Every structure is written in structure tokens, then in C-alpha cells.
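Numbering (mature numbering (1 follows the signal peptide of the UniProt record, and there is no 0)), first residue to last: -18 to -1, 1 to 225. Note that beta-carbon positions come from the ideal geometry of N, C-alpha and C, so glycine has one too. Remember, it's a predicted structure, so these values are computed and weren't measured experimentally.
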């Protein structure tokens, strides 16, 4: 099955299990800007987040500034980031590569501080989306997670534990195929896992794990159950989780 049909199938199944939240009508949409690279753009992770949040009664107004190969330093050097940050946001989500090595960690922290300075004095929260490493460097995952936490602490921000969720999923007894053939970008399950790790930040800590029917059958169902469990664990255990 090609990547796009696989993503559509998994999203359809996930939405079928994520029961809509009853009660009050939706509040004003949360305005969220994602700044990152192809890790965000592949399979439109922000769009998946918005779809899952909407199913839980939370409306997200999302925009993306995602350029392949870009670091946050590259975004800071270009003209588009300044214009994007000038718009009113409730959240700004920052992401670059894994940043596991000392030099890239220092760059991540410096860039995060620079972006935070441009937003100072405005009613906006900043979240750092941790990024999984290249498949050939999976041993760097813990260092990548630590880099994003350090950058978040530097500005009083929070962490969207995507890299942690990937680590948990890949360590399971029946790990899903999260990497594409290039050993870097996400497959459909990998993108869904990223969205599942992000969405609780914008829905009051509510993920979709409890909504997934434990009796559901089929390969896609089993994969989604595992993804939801990995994301829920990552969010629950994240010391700097967003809520």
C-alpha cells in the first residue's frame, strides 16, 4: 500500500474510534504556528493534529512554516519567520532536526532563545517538538530528547514528546514501521504517532488512547492501539509536558 492511502486508512480508523466530546460548543479556535522542516511537513503532521483535536471538540487554526532541511537558525535568517511571528498566535511550536550532538544542541537553544525574544511580551506559549533521529542513529534518541528539554527550560517552554513516543513504539514487542525507505522521514504510522503525541497539549491532556476499542481487529487496528499507547506513555512521563 502506498504512503498516502495508508495514511488515509489509518486516520479514518483513528477518527472512527476517537469519540467526539459532548457538551459545550467549541470555544474560539486555538491559533497555532508550527515552525520546522520536513519532519513536520511529511504527511502534514499539523493537519493530523487539527483533525484529532477537532474530533475532541477543540478547534485548531493552524499554519505551518516548514522548509525541508531547515534548522531554526535557517528560519531566523530568512524573511518569512518574522512575518509569521507578527501574527497573533496562542501557541508557536518549534522543531528542527534531532539536535543530539553538542553543537546542534547549542544551536537549538540559541535559536529558541532568539525566537522567544521576538515573542516576548505577547500572550503566546512556546512548545518544543522533539524530533526522532535518523534510523541509523537511533542510539541518539535520548540525547535528542534531552536537547529539546534543555531548550525548553532555557525559555520556560514545554515539550511535545514526539521523539519519546517514537522510542517507546520502536521498543515494543511488535514495533511498527515508522521510518520510510530514506531512514529519516515518517511513514503514515510515524506521522500518526507524532500527531498522537502532540494533540494532548491542545486538548487539556486528553489523548485518544481510551477511545480506541480494545476489541478492534486487523493489522491497522493493532498498529493504532500500539501507537496510542506509546504516545500516551510519552505524554504522561514527559517532565516538561504541555498542559
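C-alpha distance - residue i paired with residue j, whole-angstrom precision
i           : j           : result
residue 85  : residue 110 : 18 Å
residue 33  : residue 184 : 12 Å
residue 128 : residue 211 : 22 Å
residue 203 : residue 122 : 30 Å
residue 76  : residue 165 : 22 Å
residue 220 : residue 143 : 7 Å
residue 44  : residue 29  : 8 Å
residue 21  : residue 173 : 9 Å
residue 163 : residue 119 : 15 Å
residue 18  : residue 95  : 15 Å
residue 47  : residue 154 : 33 Å
residue 161 : residue 152 : 10 Å
residue 107 : residue 72  : 6 Å
residue 101 : residue 66  : 11 Å
residue 112 : residue 136 : 15 Å
residue 24  : residue 177 : 12 Å
Helix, strand or coil at residue i according to DSSP, with G and I counted as helix
i           : result
residue 52  : coil
residue 232 : With the chain covering -18 to 225 only, the question about residue 232 has no answer from this structure.
residue 208 : helix
residue 62  : helix
residue 106 : coil
residue 13  : strand
Residue interval of the alpha helix (DSSP H) (run including residue i)
i           : result
residue 100 : 84 to 101
residue 29  : 27 to 37
residue 20  : 20 to 23
Cβ-based burial, residue i [other Cβ within 10 Å; buried from 16]
i           : result
residue 150 : buried
residue 36  : buried
residue 159 : exposed
residue 225 : exposed
residue 117 : exposed
residue 80  : buried
residue 63  : buried
residue 187 : exposed
Residue i: first and last residue of the uninterrupted beta strand (DSSP E) it sits in
i           : result
residue 222 : Where residue 222 is concerned, there is no enclosing beta strand (DSSP E), given that its DSSP letter is neither H nor E.
residue 73  : 73 to 76
4-residue-minimum alpha helix (DSSP H) runs that sit fully inside the stretch 143 to 191, ordered along the chain: 144 to 152, 170 to 180
In chain order, each alpha helix (DSSP H) run of at least 4 residues that lies wholly inside the stretch 108 to 137: 123 to 137
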